[in-house]
């Protein structure tokens, strides 16, 4: 098949290798995030009820420094746990929507559809907006948050590079 806009011979049936690898990794990550979201929903009540006990263990002098670096301050942890419990239903719903957007976006990019990129970007940014709105800006602290931001930006960058293969 010939792409008349680019005036090049392109195999329109074959998925480019970059998009193939990224989409497979995205499907795996979506599955993991779905499990984490469901687990977070069902464990929110337990986490809320045991937050004092958890804070004593996590912020004690015996806790390793790397564990303390991954956590927000005591006040922020207390507020995050409380708000996560109070808003567990909308957080779960928006998490599932976000995961679905990423999954469908990756599927569409495998079919070389440009709108898949937009769905994927929205799906990647929605969890940050959800956290800011339902938990608060103090949710954006700790090493775990920075690791999440790193991988989000990495995948957004890698998919952006692959946009040249999306034709319709």
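Residue numbers (the working numbering): 21 to 188. We put the CB at the ideal spot given by N, CA and C, even for glycine.
Span of the alpha helix (DSSP H) around residue i
| i | result |
| --- | --- |
| residue 152 | 135-154 |
| residue 69 | 37-69 |
| residue 132 | Here residue 132 belongs to no alpha helix (DSSP H), and DSSP marks it neither H nor E. |
| residue 94 | 94-106 |
| residue 167 | 163-182 |
Distance CB(residue i)-CB(residue j) smaller than 9 Å
| i | j | result |
| --- | --- | --- |
| residue 156 | residue 99 | yes |
| residue 111 | residue 61 | yes |
| residue 103 | residue 154 | yes |
| residue 182 | residue 53 | no |
| residue 92 | residue 161 | yes |
| residue 134 | residue 179 | no |
| residue 40 | residue 132 | no |
| residue 242 | residue 164 | Residue 242 is absent from the structure shown; the chain starts at 21 and stops at 188. |
Option in the options with minimal Cα separation from residue i
| i | options | result |
| --- | --- | --- |
| residue 122 | 105, 146, 150 | 146 |
| residue 186 | 171, 128, 148, 167 | 128 |
| residue 87 | 120, 77, 138 | 77 |
| residue 142 | 69, 131, 126, 132 | 126 |
| residue 120 | 106, 138, 132 | 138 |
| residue 69 | 167, 35, 106 | 106 |
| residue 67 | 97, 84, 151 | 97 |
| residue 109 | 184, 150, 37 | 150 |
| residue 71 | 144, 83, 101, 82 | 101 |
| residue 51 | 124, 80, 85, 90 | 124 |
| residue 75 | 34, 84, 94 | 94 |
| residue 136 | 184, 171, 166 | 184 |
Handout entry: Segment contact flag, the segment 35-50 with the segment 167-179, C-beta cutoff 8 Å, min 3 pairs
Key = yes
Exercise for the section: Please confirm if the segment 105-119 is in contact with the segment 50-57, defined as three or more CB-CB distances below 8 Å between the two stretches. Expected result: yes
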